[in-house]
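For the sequence shown, the numbering used here begins at 4 and goes up steadily by one.
Notes to accompany the following structure.
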Amino acid sequence: MTQTPAAPIADAEARAAALDPLRSFIVQAPAGSGKTELLTQRLLLLLAAVDEPEEVVAITFTRKAAAEMRHRVFAAIRAAQSDEAPQDAHRQRTWQLARRVLAQSQTRGWRLHDTPQRLRIRTIDALCAEIVRQSPLGSRLGGGIDIVDNAEPLYREAARAVLGALDSELPQAAPVARVLRHFDNRTARLEQQLVDLLRRRDQWLRLVAGDRKAGRSREVLEAALTGVIVDALQQADRAIPATLRTIWLQSAAHASSQRYAKNPELALHALRDGQWPGCAPAELPRWHALLDLVLTADGSWRATVNAVQGFPAGKTNAEKAELGPARDAHLALLAALSAQPGLRERLAELRELPSPGYTDAQWQVLDALLDTMLLAAAELRLVFAERGATDFAEIAAQAVHALGGPEAPSDLALRLDYRIRHLLVDEFQDTSTTQWQLLERLTAGWTPGDGRTLFAVGDPMQSIYRFREADVGLYLRAREHGIGLLPLTPLTLSCNFRSQRGIVDWVNETFRQVLPPQDDRDRSAVTHSRADAVHPDAEAPAVRLHALIDADDATEAARVVELLREAQSRDADGRIAILVRNRGHLTEIAAALRDAGIGYQAVDIESLAERPVITDLHALTRALLHPHDRIAWLAVLRAPWCGLTLADLHALAADLPAQDSVLTAMDDVQRIAAMSEDGQRRLARLRDVVVAAHARQGRMPLRRWLESTWFALGGAACADGPTALADAASYFDAVQRLAPGAVLEDLTALDLALHDLKASPDPSADERVSVMTIHKSKGLEFDTVIVPGLGRGTRSDDPPPVAWMQISDADGHPRLLMAPVHATGDAREDSYDHLRAREAERQRHEDARLLYVATTRARRCLHLLGNVRRTDDGTPARPPDRSLLARLWPAVSAAFEAAAELPVQRTSAAVPDAALSAPPLRRLRDWPRVTRPAGLPLPAAAAGSSGEPLRFDWAGETARAVGVLYHRWVQVIAGEGIDHWSPARCASLAAVLQSALRGMGVPATRRGTAAERVMQALTNTLADPRGRWLLDNRHAGAASELDLSTLRDGVLQRRVIDRSFVDDGTRWIVDFKTSTHEGADTASFVRNELARYRAQLAGYCALMRDYDAGHPPRAALYLPLIDDPALRWIELDESS
4 MTQTPAAPIA
14 DAEARAAALD
24 PLRSFIVQAP
34 AGSGKTELLT
44 QRLLLLLAAV
54 DEPEEVVAIT
64 FTRKAAAEMR
74 HRVFAAIRAA
84 QSDEAPQDAH
94 RQRTWQLARR
104 VLAQSQTRGW
114 RLHDTPQRLR
124 IRTIDALCAE
134 IVRQSPLGSR
144 LGGGIDIVDN
154 AEPLYREAAR
164 AVLGALDSEL
174 PQAAPVARVL
184 RHFDNRTARL
194 EQQLVDLLRR
204 RDQWLRLVAG
214 DRKAGRSREV
224 LEAALTGVIV
234 DALQQADRAI
244 PATLRTIWLQ
254 SAAHASSQRY
264 AKNPELALHA
274 LRDGQWPGCA
284 PAELPRWHAL
294 LDLVLTADGS
304 WRATVNAVQG
314 FPAGKTNAEK
324 AELGPARDAH
334 LALLAALSAQ
344 PGLRERLAEL
354 RELPSPGYTD
364 AQWQVLDALL
374 DTMLLAAAEL
384 RLVFAERGAT
394 DFAEIAAQAV
404 HALGGPEAPS
414 DLALRLDYRI
424 RHLLVDEFQD
434 TSTTQWQLLE
444 RLTAGWTPGD
454 GRTLFAVGDP
464 MQSIYRFREA
474 DVGLYLRARE
484 HGIGLLPLTP
494 LTLSCNFRSQ
504 RGIVDWVNET
514 FRQVLPPQDD
524 RDRSAVTHSR
534 ADAVHPDAEA
544 PAVRLHALID
554 ADDATEAARV
564 VELLREAQSR
574 DADGRIAILV
584 RNRGHLTEIA
594 AALRDAGIGY
604 QAVDIESLAE
614 RPVITDLHAL
624 TRALLHPHDR
634 IAWLAVLRAP
644 WCGLTLADLH
654 ALAADLPAQD
664 SVLTAMDDVQ
674 RIAAMSEDGQ
684 RRLARLRDVV
694 VAAHARQGRM
704 PLRRWLESTW
714 FALGGAACAD
724 GPTALADAAS
734 YFDAVQRLAP
744 GAVLEDLTAL
754 DLALHDLKAS
764 PDPSADERVS
774 VMTIHKSKGL
784 EFDTVIVPGL
794 GRGTRSDDPP
804 PVAWMQISDA
814 DGHPRLLMAP
824 VHATGDARED
834 SYDHLRAREA
844 ERQRHEDARL
854 LYVATTRARR
864 CLHLLGNVRR
874 TDDGTPARPP
884 DRSLLARLWP
894 AVSAAFEAAA
904 ELPVQRTSAA
914 VPDAALSAPP
924 LRRLRDWPRV
934 TRPAGLPLPA
944 AAAGSSGEPL
954 RFDWAGETAR
964 AVGVLYHRWV
974 QVIAGEGIDH
984 WSPARCASLA
994 AVLQSALRGM
1004 GVPATRRGTA
1014 AERVMQALTN
1024 TLADPRGRWL
1034 LDNRHAGAAS
1044 ELDLSTLRDG
1054 VLQRRVIDRS
1064 FVDDGTRWIV
1074 DFKTSTHEGA
1084 DTASFVRNEL
1094 ARYRAQLAGY
1104 CALMRDYDAG
1114 HPPRAALYLP
1124 LIDDPALRWI
1134 ELDESS
């Protein structure tokens, strides 16, 4: 946040109120309002008033936001160590608060500057994981579950398990078969639909699985549909003044009299009774008859009426005199109705309402779909358990479960309630329903004035993460009703410290028209909140709209380059951002920037799969794992490490029989003889490496096997600099995550993982120019912002098998709407279409907010570029409805109309001849020697001699896995309490341990022995008085896997201590080692182990003296697999 002027600011009162430590608030903080600084001040204020820093918990939604807040807090604390106060009043306030925190830290012995981990600033995902780890049984996940960022392979495995039920005689097969018939027996489509449903299951699972019989009954769901109809009719009814109703009924009676003779069956005739229709579903035909009198087919107000609507003008003067007054009265009615704000939209929506019930055929499909969805969710839980992995949605759901209900909190919830006194939530507009429930549980029982507070900060105008299940309606709900039983006082910030006045004024005027006029929780509608500019006008014009007519992508890209050069000439050091809605909008722009010689930082733009080094690696992976993948093998032979010419490839593989692989051709003497001499040498070198690789297959983890083969081929030498090496390392990391062992069961999972990974940015690129998506730009600011591609739409989503939506009734109670998609060839389902239309409306509102985020990144200058077609009459066509320009159209249509009147100017970019020729062949001139490139470690498997097969010792990997699982489960035992564990319960872990070992890549032949060793180690620990003493959670300061960090000599050091606690005034530090010894002289072996880890233990002690200065540390090793209990424990003698 930039320096605050000396004069009082417009929202000073709200900012001052936000620092009341006794009250709970929800703060709306628009773009550039200094939200993070206010959060920092509130956090410092609360830290200065608590006994322990852990009593204050700050929650963010991204690691980046958490890091920024942590940086702000510690920067303030460091600045407060100086006795010289800042001159600026705002910074002086932060300095004063930080001084109070320093004083409290010194009084209470916190040592925050040495133990920053005591400051609890967490992402909400990290907080959920922390809760689950503290209650592995209460959360129903158990211990040792890994959280994966991309769980799609797990979703797909569950979906395939559902489809696998079709081949069984289990009762689950019937609903799956019914659903598959509905999808024309297209199993691939149903599989993908199930994957998509599982990805979003936190939206529907809680709604359909709570009470299967009641919550899913036809009556309940049909009552919800009825409720939607009633609500819509009531809202429309309230919006129509009583005086206009009378005139409207009179118009209806007149129109009925004119149309009855020809159309006696019209619903219009029922209105001749003079009764205004009610709000029950049965009244819909009467409402529709009224609507037809005032609205056109597309929902616009009628500009005129004629005999078709029942208002003939008359042919003779007598007829005109008779019919004219009724016609004029109706036109006057239309004028009066059109003057009512928002009435047209509400009336038009009545035509889109669903039917109040399902047909029997619809219900049969929906019932089967719900059964199939629940089956998929159950299969996913089994996949999670088997793989020892889960996703963030499951962690969040199980964290909520671990805390119990609002009326019956769990023991863990009560412990957390005792420890947490203040919660701060950043970016609250991005809260999902599950996260809302988590906050409800954490604040259950809190009341105003009891010393506990909740401080939620966000900006509903910047809620742009619906695809991550964020629901801006929850922000609106909290502002109106609070969270749970805790009311929140609403505050609104208005000062914009980022942008010059010209930009702020333009945003105020424009988004008053773009954003909806009223908040609506169910529609995700958020009104505009006006901002007050702090900085004066700078450049003029601050905002420039570049209205393009019939321009191609190359023309728009050329304009972007012009604007960028203009900005650079104006301010050589200014930061410039090109923001796009999605990566596909950058193809021409990226090419134009390269052609112009303009370097830029591409932030999470380029997919890793698009980089040449990854293309080659992926081809190598597919070829080695699938010898008959002909395209992959040809790509391997064409890659730089081999570099065969097209002529040599043709000689080798032309007319190769379909049943033969390229590997077969590589052994075909006649085919090889037809190749060039250089090609023969290159092929022979590659063949030797491939043969050696196949000899080692399955004898080492897949990552090491692929990596060593890549090195042996010379892949590292082909990498174009450190960026390419970093990309290669990311590829190998992805392989290791998917296949910790020697086998990759599903290559599709690797394809998906590569699609989601982003390539490393070029470290040599100009940091002053950034190219990114609008979503990535949130929270950033730039001197100049260029937003091209506004006129480009997005592709339509595939219709899901079931549409659902949770809305609230008039009393705020949740209501579930569901409808199945129609089968191919069947008539459309109005209920399904209604829900899809509501979903599309929500997306349009979010698109408008996305545009707000883009335009509010600019400090000095904003450029907006949009292109539309010219219609046959020369006027600009309305932009595609799914484009950002469609949202902006009410404010900018006049500019496009003016641009359309200018002479047509077309630019044609000639394609150079070079662009039409084949790309040059990249290949190594000489076969490389395997060397260790900077930035990528040489794998051990590549170090062997070419004449000797490389070996891999699975025993070492198995021992490591045993140690990992022992550490994981002693943490669980200590957390639950040793009284809950027995040798019999340890023995019951066999299946769980085998599953975990499988996920860690341990071969099947070794898993049984490894699981037995883990169980033996746990049993020995529980049977040993010393072991029970170690895991007793009644010790003061007891902690497992204690994560500590400190600064030493300016370097951040981080250590994780297996077990630590205070007993009899001593701070014990215990390191678990699952080493075994089968020979004689076990005592000597244990002493050697101590000598081996002496330096590590001494480092722990030094770190602990900073962490807990009040208790002298002592360190020891504990070896649970040593047979003699007396020899399992050995202490460190620091004096020696």
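Idealized CB from N, CA, C, for every residue including glycine.
Predicted, not measured: the structure shown is a model, and the values here were computed from it.
Asked, Found
"Nearest to N1036 (by Cα), restricted to the options Q137, E55 and D128", "Q137"
"L996 and L1034 closer than 8 Å at C-beta", "no"
"Identified DSSP bridge partners for G461", "Q31"
"Distance CB(L854)-CB(V517) smaller than 8 Å", "yes"
"Simplified DSSP state of Y263, which is helix, strand or coil", "coil"
"Spatial neighbours of A840 in its chain, beta-carbon cut-off 8 Å, leaving aside the 5 residues before and after", "E355"
"Enclosing beta strand (DSSP E) for H185 [first to last residue]", "It is not in any beta strand (DSSP E) - H185 instead sits in the alpha helix (DSSP H) that spans A176 to H185."
"Where E307 falls, given that 16 or more other Cβ within 10 Å makes a residue buried", "Residue identity check: residue 307 is Thr in the sequence provided, not Glu. The residue is exposed, with fewer than 16 neighbouring Cβ atoms inside 10 Å."
"Simplified DSSP state of L1124, which is helix, strand or coil", "coil"
"For D522, the nearest candidate out of R289, W1132 and L479 (CA to CA)", "L479"
"Integer-rounded CB distance, given that A580 should sit under 8 Å from M821", "That belief does not hold up - the Cβ atoms of M821 and A580 are roughly 42 Å apart, past 8 Å."
"Chain D contact for R202 (CB, 8 Å cutoff)", "Absent here is chain D; the protein component of the structure consists of one chain."
"Straight-line Cα distance separating R262 from D276", "16 Å"
"Straight-line Cα distance separating E591 from P942", "Bear in mind that the predicted position of P942 carries a pLDDT of just 45, short of 50, making it unreliable; the figure below should be weighed with that in mind. Those two C-alpha atoms are separated by around 40 Å."
"N- and C-terminal bounds of the beta strand (DSSP E) containing P802", "That residue, P802, is in no beta strand (DSSP E); it is neither H nor E in DSSP."
"D149 - DSSP class collapsed to helix/strand/coil", "strand"
"Cβ-Cβ distance between V510 and L42 below 8 Å", "no"
"Whole-angstrom distance between T436 and R163, CA atom to CA atom", "28 Å"
"For H1142, the three-state DSSP class (helix, strand or coil)", "With the chain running from 4 to 1139 in the structure shown, residue 1142 is simply not present."
"Rounded straight-line distance, which links the Cα of E155 to that of F735", "19 Å"
"Run of the beta strand (DSSP E) containing W1071, from where it starts to where it stops", "T1069 to F1075"
"Contact check, R852 vs S341, beta carbons under 8 Å", "no"
"Secondary structure of R384, DSSP reduced to three states", "helix"
"Inter-residue spacing [alpha-carbon to alpha-carbon] between Y468 and L427", "20 Å"
"7 Å Cβ shell around D681 - same chain, five flanking residues per side excluded", "none"
"Residues that DSSP places opposite C498 in a beta bridge", "D535"
"Distance CB(E443)-CB(G487) smaller than 8 Å", "yes"
"Straight-line Cα distance separating W807 from D754", "30 Å"
"Backbone CA spacing between Q95 and M1107 [nearest angstrom]", "34 Å"
"Beta-carbon contacts of C721 that lie in its chain and below 6 Å, excluding the five residues immediately before and after", "P643 and W644"
"Cβ pair S1048, P119 closer than 8 Å", "yes"
"contact_flag[the region 392-400, the region 821-837] where n(CB pairs < 8 Å) is 3 or more", "no"
"Assumed close pair W290, R347 - CB separation to whole angstroms, cut-off 8 Å", "Going by Cβ atoms, the distance from W290 to R347 rounds to 15 Å, so no, they are not a contact pair."
"Selection from L130, E172 and R1031 that minimises the alpha carbon distance to G980", "R1031"
"Validate contact between the region 710-719 and the region 668-682 using beta carbons, cut 8 Å, 3 pairs", "no"
"Span separating the alpha-carbon of R515 from that of P11", "26 Å"
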